[in-house]
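Novice: In my numbering, the protein residues as written are 133 to 517. By construction, the Cβ of each residue, glycine as well, lies at the ideal position given by its N, Cα and C atoms. Just so you know, these numbers come straight off a predicted model, no measurement behind them. Just dropping this structure here.
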């Protein structure tokens, strides 16, 4: 059963700010933008909104770094500024996540926001019922031995319960009464917390759907304006120890053309511009190339000095610079690819060289026979010899 087509009306601005993912919060956020003369342009650039952008960045980064959700505390929603911060940081986080055009990022962000909702909803005595009715078709509650116990329609439980592991979430293990499933306390959690866990599934599903719709509306010029936070997010994703593919496992066949071209030009003694050099060093760092190997890429440069090069590269490695995105590389004349040259670069959502590495690794993993046939030389092909 889908979400209710007509969610209940929520007028309390504090609730809409605490739970900015609610469908009812869309108009509330739009009102904040209009009442404060904030455009999309000013949200991305105005100095007085920098704290909101930082908080939005943190929402995305924490969703990637932490499996248990976003851990940042809620702002003081008793104030106008606090409510604005919560609502607009959520919007900014969604814009950053969607501008990566990476399903892995939007999926993890949706998971992070849904996990955060699970935690705070399970402790909310005032708004829990109305928020539950936003995502579930109906709700009942009764006092049993001094404890509040919730029940939901079987149709909702059948749809959402199987998505969660554990015997509790199997229908035969739940008390059933005339089509109503009892969400009794279990494993140290109250009935409310058990139901909040079920709501998490619906919230995550809704957020992923909204991200897919927003990605369809974001164009390249808008995404370019978010290239710095997008690149930072992709770098974190690529370096995450439990990611699907380990960046340290990248072979040379995974490296993007912009990186290979910079290496080739330096080897031929060409004077690669500053943007190209910074990109090569930051990209090498992001995919796990040893700093000595990276320094070797620059040995053919006409102005090469071992000590200076090592110092400059070390600065980039230590500060974990984010590699430039595709649009930035084009502006800096560092993109060597024309349409049709590389099928991965031609992908509509290919916006960053780190995404190129991931696509190559994924394709390689799906074609193990090709990997074995290539049999690359470890000393030449390995990013981490």
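Does the stretch 321-330 touch the stretch 282-300, meaning 3 or more C-beta pairs lie closer than 8 Å?
Specialist: The answer is yes - the stretch 321-330 touches the stretch 282-300, with three or more Cβ pairs under 8 Å.
Novice: What are the start and end residues of the beta strand (DSSP E) that includes residue 275?
Specialist: Note, residue 275: beta strand (DSSP E), 272-276.
Novice: Could you say which of 411, 466, 370 lies nearest to residue 419 if we only look at CA atoms?
Specialist: Of 411, 466, 370, the residue nearest in Cα terms is 370.
Novice: Can you tell me whether residue 366 is helix, strand or coil according to DSSP?
Specialist: DSSP places residue 366 in helix when its eight states are reduced to three.
Novice: Measuring CA to CA, which of 264, 297, 355, 389 is closest to residue 324?
Specialist: Checked all of 264, 297, 355, 389; the closest Cα to residue 324 is 264.
Novice: Which residue marks the beginning of the beta strand (DSSP E) containing residue 170, and which one marks its end?
Specialist: No beta strand (DSSP E) holds residue 170; DSSP gives it neither H nor E.
Novice: What residues are listed by DSSP as bridge partners for residue 284?
Specialist: 313.
Novice: So if DSSP puts residue 321 in a beta bridge, which residue, or which two residues, is it bridged to?
Specialist: Residue 321 is bridged to 318.
Novice: For the stretch 245-263 against the stretch 142-160, do three or more pairs of beta-carbon atoms, one drawn from each stretch, fall closer than 8 Å, so that the two count as touching?
Specialist: Output reads yes: the stretch 142-160 touches the stretch 245-263.
Novice: For the stretch 411-418 and the stretch 442-450, state whether three or more C-beta atom pairs, one from each stretch, are separated by less than 8 Å.
Specialist: Short answer: they touch.
Novice: Where DSSP assigns a beta bridge to residue 190, which residues make up the other side?
Specialist: Note: residue 190 sits in no beta bridge, so no partner.
Novice: Please list, in chain order, all residues of the same chain as residue 378 whose beta carbon is under 6 Å from its beta carbon, the five residues on each side excluded.
Specialist: Confidence in residue 378 is poor, its pLDDT being 48 and thus under 50, which makes the residue's placement unreliable; the coordinate value appears in the next sentence. So no residue of the chain qualifies.
Novice: Who pairs with residue 308 in a beta bridge, going by DSSP?
Specialist: DSSP output for residue 308 lists 313 as bridge partner(s).
Novice: Are three or more beta carbon pairs between the stretch 347-367 and the stretch 228-236 nearer than 8 Å?
Specialist: Segments in contact, yes.
Novice: Can we say the stretch 464-481 touches the stretch 398-407, given the rule of at least three CB pairs closer than 8 Å?
Specialist: These segments touch.
Novice: Please work out which residues of its chain come closer than 6 Å, Cβ to Cβ, to residue 226, disregarding the five sequence neighbours upstream and downstream, and give them in chain order.
Specialist: Excluding residues within five positions, none has a Cβ falling inside 6 Å.
Novice: Could you give the first and the last residue of the continuous alpha helix (DSSP H) run that contains residue 398?
Specialist: Residue 398 -> alpha helix (DSSP H) spans 389-399.
Novice: How many angstroms separate the CA atom of residue 473 from the CA atom of residue 298?
Specialist: Distance between the alpha carbons of residue 473 and residue 298 is about 49 Å.
Novice: Let me know if residue 361 comes out buried or exposed under the rule of 16 or more other beta-carbons within 10 Å of its beta-carbon.
Specialist: So residue 361 ends up on the buried side.
Novice: State the start and end residues of the unbroken alpha helix (DSSP H) segment that holds residue 462.
Specialist: First-last of the alpha helix (DSSP H) with residue 462: 458-463.
Novice: Rounded C-beta distance between residue 284 and residue 313? I'm assuming under 8 Å.
Specialist: Right, the Cβ-Cβ distance comes to about 6 Å (below 8 Å), so this counts as a contact.
Novice: Look up residue 279 in the DSSP assignment and say whether it is helix, strand or coil.
Specialist: Strand.
Novice: Comparing C-alpha positions only, which one of 177, 159, 246 sits nearest to residue 191?
Specialist: If we check each option's Cα against that of residue 191, 246 comes out closest.
Novice: Are the CB atoms of residue 485 and residue 388 within a distance shorter than 7 Å?
Specialist: Their beta carbons are under 7 Å apart, which means residue 388 touches residue 485 by this criterion.
Novice: Keeping to the same chain, check which residues put their C-beta closer than 6 Å to that of residue 202; ignore five residues upstream and five downstream.
Specialist: 191, 194, 195, 244, 248.
Novice: Pick from 250, 273, 267: whose alpha carbon is nearest that of residue 321?
Specialist: The shortest Cα separation from residue 321 among 250, 273, 267 belongs to 250.
Novice: Can you grab the Cα-Cα spacing for the pair residue 145 / residue 217, in whole Å?
Specialist: Residue 145 and residue 217: Cα-Cα distance of roughly 13 Å.
Novice: Could you give the first and the last residue of the continuous alpha helix (DSSP H) run that contains residue 433?
Specialist: First-last for residue 433: undefined, no H or E at that position.
Novice: What separation, rounded to the nearest whole angstrom, lies between the Cα atoms of residue 140 and residue 272?
Specialist: The alpha-carbon atoms of residue 140 and residue 272 are separated by roughly 15 Å.
Novice: Is the CB-CB distance between residue 149 and residue 259 below 7 Å?
Specialist: Not a contact, by the Cβ cut-off of 7 Å.
Novice: Residue 411: which of 400, 399, 426 sits nearest, CA to CA?
Specialist: If we check each option's Cα against that of residue 411, 426 comes out closest.
Novice: Can you give the beta carbon distance from residue 158 to residue 188, rounded, assuming they're within the 8 Å contact cut?
Specialist: Their Cβ separation, rounded to whole angstroms, is 17 Å, which puts residue 158 and residue 188 out of contact at 8 Å.
Novice: Once the 5 residues before and after residue 399 are set aside, which same chain residues still bring their CB inside 7 Å of it?
Specialist: For residue 399, where only same-chain residues beyond five positions count, the Cβ hits under 7 Å are 432.
Novice: Who are the near neighbours of residue 295 in its chain, counting only those whose CB is closer than 7 Å to its CB and skipping five residues on each side?
Specialist: Excluding residues within five positions, the ones whose Cβ falls inside 7 Å are 333.
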